[in-house]
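Asks: Have a look at this one.
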Amino acid sequence: MTTSTDASTAVVAALRRAGVTELDDSHRRRAEYSGDASLYRMVPAAVVFPHHADEIAAVVDTCRSLGTPVTARGAGTSIAGNAVGAGVVLDFSRHLNKVHEIDRESATALVDPGVVLDDLQRAAAPHGLRFGPDPSTHSRCTIGGMIGNNACGSRALGYGRTADNVVDLDLVAGTGELLRTTDTSAAALTALREVVQARLGVIRTEFGRFGRQVSGYSLEHLLPERGFDVAKALVGTEGTLGVLRRARVRLVSAPARTSLVVLGYPDMPSAADAVPALLPFNPVAVEGLDARIVDVVRRGRGGSVPDLPRGTGWLFVELGGEDPAEIAGRVEGVLAAAGALDSRIVSGAEAAALWKIREDGAGLAARVDPARPGHAGWEDAAVPPEHLGAYLREFEALLADRGLSGVPYGHFGDGCVHIRIDFPLGVPRGRRVFREFLVDAAKLVAGYGGSMSGEHGDGRARGELLPLMYSPDAMDAFAAVKNVFDPADILNPGVIVRPRPADEDLREVSARPLTRDLGFTFHQDGGDFSAAVHRCTGVGKCRVTAPGGTMCPSYRATRDEKDSTRGRSRVLQELANGSFVTGWRDDAVHEVLDLCLSCKACSSECPTGVDMATYKAEALHQRYRRRPRPAAHYSLGWLPRWARLASRMPKLVNRAMSGPLAKFGKRLAGVDHRRELPTFADQTFRQWFAGHTRAAGSPVLLWVDTFTDHFTPQVGIAAVKVLEEAGFSVSIPDRKLCCGLTWVSTGQLDTARRILRRSVTALAGSDLPIVGLEPSCTAVFRSDAAELLGPTREVSEVAGRVRTLAEVLATAEGWTPPDLSGETAVVQPHCHQRAVLGFSPDRALLEKAGVEMNVLDGCCGLAGNFGAERGHYDVSVAVAENDLLPAVRADGAATVLTDGFSCRTQLDQLARRQGTHLAELLARGRRE
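Just so you know, the numbering used here puts 526 at position 526 of the sequence shown, and the rest follows in order with no gaps.
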């Protein structure tokens with residue numbers, strides 16, 4: 001569904017007249033907000049970023065007068081289509097994101113709707129408090145969104161749902177009335193009381209039957225015996241009754257200690273059978289995890305999975321408390337009652353790693369079978385825990401009967417099951433299969449006395465199915481409540497009351513395949529660019545701004561959805577749709593990709609494996625193919641060619657690049673005038689190596705990249721000395737070869753393919769390990785080569801032989817690193833090293849050498865050609881300020897260890913600190 005441009009223009013004009021200050025109806029912005037984390041696509045008329053609460057009322061009043069829908073949105077991580085709409089989308093996360101008060105005495109907090117949960121936790125922690133519910137999206141989800149969906153998370157078993165943790169809500173009803181839920185004399189609340197009094201029988205018998213009954217409106221909170229608690233009742237209404245302006249929420253004391261017990265079972269239904277016996281031990285969490293999710297991590301993320309007990313289905317049982325002996329007693333009780341095949345008590349880093357896998361479940365479950373990706377749609381049904389095992393067996397039989405598969409996991413202690421199902425949405429019968437399955441699954445859940453939603457809300461996925469769970473009288477109660485607060489039906493219409501069909505507005509059904517004339521093979525996505533960009537399911541991990549990962553450096557710098565991996569994916573998905581973003585040369589595509597640093601962090605950190613660096617290169621390839629390109633594509637994209645020419649007279653070139661003509665040259669080359677140009681070495685590495693006597697030892701081939709050869713030959717020289725000292729005999733390719741990296745990053749894929757094929761052909765047919773020193777070039781052979789040339793035998797052979805320096809040294813018999821005890825280092829791993837090659841071998845080597853490390857998470861900000869290009873300098877500096885620059889300022893005496901030429905260049909230019917390559921550190925250690 002897409003709102004017309006004329007309608008969008010009219011809405012924007014009216015909002016401006018009403019005093020709304022920040023709104024955007026641009027082509028690109030509307031595409032970015034056309035989806036949330038669900039299957040649904042609705043292109044809004046405009047997006048508003050309110051600065052203060054009064055603007056919210058102005059938006060609601062204006063839209064009511066125009067009959068334009070209003071949809072409230074926090075992080076946009078709603079899985080049922082709760083946060084998409086065809087009218088005005090209100091994004092609270094940009095400005096209304098403050099924690100106004102932490103009251104230790106009352107254990108409450110006063111917050112804006114756009115406050116990120118982790119930010120609230122950080123504000124509450126010094127007081128020994130926390131907000132209880134913690135959904136897996138805690139690093140980016142907002143309190144407003146949690147209130148909208150009645151979010152729960154892993155520890156709701158111990159701390160309750162969001163509804164159990166609200167005190168008072170300040171909101172604007174669809175009528176325009178400003179409401180405080182504690183002021184029960186308000187006109188709307190008086191009318192609401194009358195609705196409830198007329199329906200006490202149905203509310204008492206059909207609502208509040210078990211903890212995870214989230215579907216529909218939670219009217220049980222309005223019963224007289226429950227104190228007519230309007231705040232709790234409004235939680236989970238999905239923005240259909242009011243728009244939140246501010247909330248006071250309850251905080252709980254964090255336990256002093258926790259213990260994690262992992263229990264192994266033959267399968268997930270068997271794990272579910274065990275749950276009732278565990279609940280008497282008062283666990284904070286009982287989570288289920290399927291082995292197939294763990295296999296995705298092992299397959300695609302370097303096998304970083306702690307040891308798990310025997311079995312293919314596991315329960316994570318977390319116990320909390322103050323007394324270690326008391327917790328230990330409960331742990332023993334859990335182990336005795338569990339009936340498990342095997343068990344482990346896990347702590348520290350291992351426990352954190354397991355919780356991280358569980359938190360990434362939604363994305364990981366979507367990629368269990370890359371050929372048949374899993375989808376949301378039937379995502380979080382819940383049944384009373386005592387029925388969970390039986391329900392899962394029937395549910396798996398239903399899947400098999402329909403030729404579908406899915407991987408269950410989730411909040412087993414509450415009876416809530418998450419699953420991603422491989423609905424065939426891309427084929428003509430897919431929509432019918434989807435709809436028929438939803439109906440039968442809803443009947444199955446209702447038969448067990450369950451709820452179609454256990455925490456994510458009904459949204460567009462399940463609203464139509466509510467009559468299968470509730471009686472006509474209950475449905476009438478929903479409509480009556482909606483009529484009190486929003487009689488004009490402008491607040492999130494199509495959700496819960498008068499719902500749109502569940503199979504309308506499906507994004508992938510409307511997408512076209514894009515398979516012709518592509519620069520990359522997209523072999524893991526069936527050769528289809530559309531399938532590749534639809535990997536993004538919208539979970540929003542790219543919107544995390546706190547340290548803890550590299551993704552997404554541009555979003556961390558700008559806090560703008562267009563600069564997130566998800567925002568970019570949404571625009572590219574609209575490109576696949578073709579009705580709104582109409583081609584590769586659409587300006588929306590260029591704008592949304594412009595600040596992508598091509599760091600590849602998303603390829604490893606996004607749970608669904610989105611690779612925006614590849615998508616950007618493909619988009620540049622398509623936009624400029626056989627057309628004039630930006631100047632930087634010729635100057636920076638052709639850098640290896642210019643470097644070879646410069647090597648004939650490096651001193652003259654260096655004088656020219658730093659003299660009076662430098663400013664003109666930068667302008668001509670598309671380079672920012674504030675960016676210093678690196679100097680060429682007087683002697684290239686190849687020239688040095690030509691006079692070097694080869695040592696005896698185990699043979700290895702050192703890959704000579706452009707940066708090492710022409711700019712930092714000292715790195716190559718140090719590497720040769722370290723390798724020889726470790727017992728290797730070093731050779732280099734007989735002729736100059738190139739990986740094609742700079743052509744890849746600027747989207748010159750035809751040239752990149754020719755260059756890379758030449759190199760792969762030259763390297764193939766040997767068993768020599770190939771040692772790479774520049775991470776971005778090394779990563780080309782381990783990643784981009786298969787995408788450019790296809791996963792051929794030669795490509796696979798070469799990729800299998802390419803090693804980092806640390807990886808090769810780890811194989812050296814009898815070699816030990818120099819003793820670097822007392823050496824402190826700020827370590828900036830290159831983004832491509834972290835994403836493609838892995839940093840673990842380097843970390844292990846440095847630990848063995850005795851180096852005290854501070855390993856940074858973020859990107860340096862230069863990112864090859866990105867930070868040098870005109871128009872990118874400010875963002876490049878802002879990215880460096882996220883992690884790198886504060887860390888080096890804080891430790892002026894530390895060695896700054898970074899293998900990337902870009903990282904060392906950025907460090908030198910912005911901090912006037914010299915970066916050190918691992919090879920240089922090891923060589924220096926031997927000398928000392």
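Beta carbons: idealized from backbone N, C-alpha and C, even for Gly.
(1) Any idea what DSSP makes of Asp134, helix, strand or coil?
(2) In the DSSP assignment, find the beta strand (DSSP E) that holds Glu287 and state where it starts and stops.
(3) Just to confirm, are Phe49 and Asp25 a CB contact at a threshold of 9 Å?
(4) Would Arg64 and Ala46 be called neighbours here (beta carbons separated by less than 9 Å)?
(5) When the Cβ atoms of the stretch 74-88 are set against those of the stretch 137-150, are three or more pairs found closer than 8 Å?
(6) Leaving out five residues before and five after Leu278 in sequence, what residues of the same chain have Cβ atoms less than 8 Å from its Cβ?
(7) Can you give me the start and stop residues for the alpha helix (DSSP H) that Thr108 sits inside?
(8) Are the CB atoms of Ser154 and Gly264 nearer to each other than 9 Å?
(9) For Val252 versus Val167, is the C-beta spacing smaller than 9 Å?
(10) For the 8 Å Cβ check, are there 3 or more pairs between the stretch 491-503 and the stretch 67-74?
(11) Take Ser34 as the anchor and find which of Asp164, Gly374, Ala764 and Val581 has the nearest alpha-carbon.
(12) Can you have a look at Ser106 and say buried or exposed, based on whether 16 or more other CB atoms are within 10 angstroms of its CB?
(13) Since His375 sits in a beta bridge, which residues does DSSP pair it with?
(14) Name, in chain order, the residues that DSSP records as bridge partners for Gly406.
(15) Report the rounded CA-to-CA distance for Met649 versus Trp703, giving the unit in angstroms.
(16) DSSP puts Val581 in a beta bridge; with which residues?
(17) Per the DSSP calculation, Tyr265 is bridged to which residue(s)?
(18) Quick one: what's got a C-beta closer than 7 Å to Val795's C-beta in the same chain, skipping five residues either side?
(19) To which residues does DSSP link Ser934 through a beta bridge?
(20) Grouping DSSP H, G and I as helix and E and B as strand, with all else coil, what is Glu359?
(21) Is Asn483 helix, strand or coil when you go by DSSP?
(22) Candidates Val59, His27, Ala7 and Ala825: which alpha carbon is nearest Leu19's?
(23) With DSSP as the reference, label Arg248 as helix, strand or coil.
(24) Using DSSP with H/G/I as helix, E/B as strand and the rest coil, what is Asn165?
(25) Give me, in chain order, the residues of the same chain whose beta-carbon lies closer than 6 Å to that of Met551; leave out the 5 immediate sequence neighbours on both sides.
(26) Does the Cβ of Ala397 have 16 or more other Cβ atoms within 10 Å, making it buried, or fewer, making it exposed?
(27) Taking all protein chains shown into account, decide if Ser471 is buried (16 or more other Cβ within 10 angstroms of its Cβ) or exposed.
(28) Hey, would you say Gly864 sits closer than 9 Å to Thr742, going by beta carbons?
(29) Taking only three categories from DSSP, how would you classify Ser821?
(30) What's the C-alpha gap between Leu677 and Ile717?
(31) Can you tell me the Cα-Cα spacing of Leu400 and Leu518, whole angstroms?
(32) For Asn654, which of helix, strand or coil comes out of DSSP?
(33) Give the DSSP-derived three-state secondary structure of Leu364 in the structure shown.
(34) Taking the CB atoms as reference points, tell me whether Cys859 and Gly540 lie closer together than 9 Å.
(35) Within a Cβ cutoff of 7 Å, which residues of the same chain sit near Val851, ignoring the five residues on either side of it in sequence?
(36) Please report the distance separating the alpha-carbon of Val407 from that of Ala381.
Replies: Taking the structure as given:
(1) It is a strand residue.
(2) Its beta strand (DSSP E) spans residues Ala285 to Asp290.
(3) No Cβ-Cβ contact shorter than 9 Å links Phe49 with Asp25.
(4) No; because the gap between Cβ atoms is not below 9 Å, this pair is not in contact.
(5) They touch, by the three-pair rule.
(6) Here Leu278 has Val286, Leu315, Val317, Val334, Ala337, Ala338 and Gly413 as same chain residues with Cβ atoms under 8 Å from its own Cβ, once five neighbours each way along the sequence are excluded.
(7) From DSSP, Thr108 is part of no alpha helix (DSSP H) but of the beta strand (DSSP E) over Thr108 to Val111.
(8) The Cβ atoms of Ser154 and Gly264 do not sit closer than 9 Å to each other.
(9) Going by beta carbons, Val252 and Val167 fall outside the 9 Å limit.
(10) Contact between the stretch 491-503 and the stretch 67-74 is present, because at least three Cβ pairs lie under 8 Å.
(11) Closest by alpha carbon: Val581.
(12) Ser106 sits exposed, since fewer than 16 C-beta atoms from the chains shown fall within 10 Å of its C-beta.
(13) In DSSP, His375 forms a bridge with Ile421.
(14) Answer is Ile421.
(15) Their backbone Cα atoms lie some 24 Å apart in a straight line.
(16) DSSP output for Val581 lists no bridge partner at all.
(17) As a beta-bridge residue in DSSP terms, Tyr265 pairs with Gly313.
(18) So the list reads Val760, Ala785, Ala786 and Leu789, once near-sequence residues are dropped.
(19) Summary: the structure shown does not reach residue 934, with the chain confined to residues 1 through 928, and so no result is reported for it.
(20) Helix at Glu359.
(21) In this structure, Asn483 counts as helix in the three-state DSSP scheme.
(22) Before going further, note that residue 19 is Gly rather than Leu in the sequence given. If we check each option's Cα against that of Gly19, Val59 comes out closest.
(23) Looking at Arg248 - three-state DSSP - the assignment turns out to be strand.
(24) Collapsing the DSSP output to three states places Asn165 in a helix.
(25) A distance below 6 Å between beta-carbons, with the five flanking residues on each side excluded, links Met551 to the following residues of its chain, in chain order: Cys542, Ala601, Cys602 and Glu605.
(26) Exposed, since its Cβ has fewer than 16 Cβ neighbours within 10 Å.
(27) Here Ser471 is exposed, its C-beta having fewer than 16 other C-beta atoms within 10 Å.
(28) In this structure, Gly864 sits near Thr742, with a CB-CB distance shorter than 9 Å.
(29) The DSSP-derived three-state label of Ser821 is coil.
(30) Computed Cα separation, rounded: 23 Å.
(31) The residue asked about is misnamed: residue 400 is Ala in this sequence, not Leu. Answer to the nearest angstrom: the Cα atoms are 36 Å apart.
(32) Correct three-state label for Asn654: helix.
(33) Three-state DSSP puts Leu364 in a helix.
(34) No, the Cβ-Cβ distance between Cys859 and Gly540 is not below 9 Å.
(35) The answer, listed in chain order, is Leu820, Glu823 and Ala825.
(36) Approximately 14 Å, taken between the alpha carbons.
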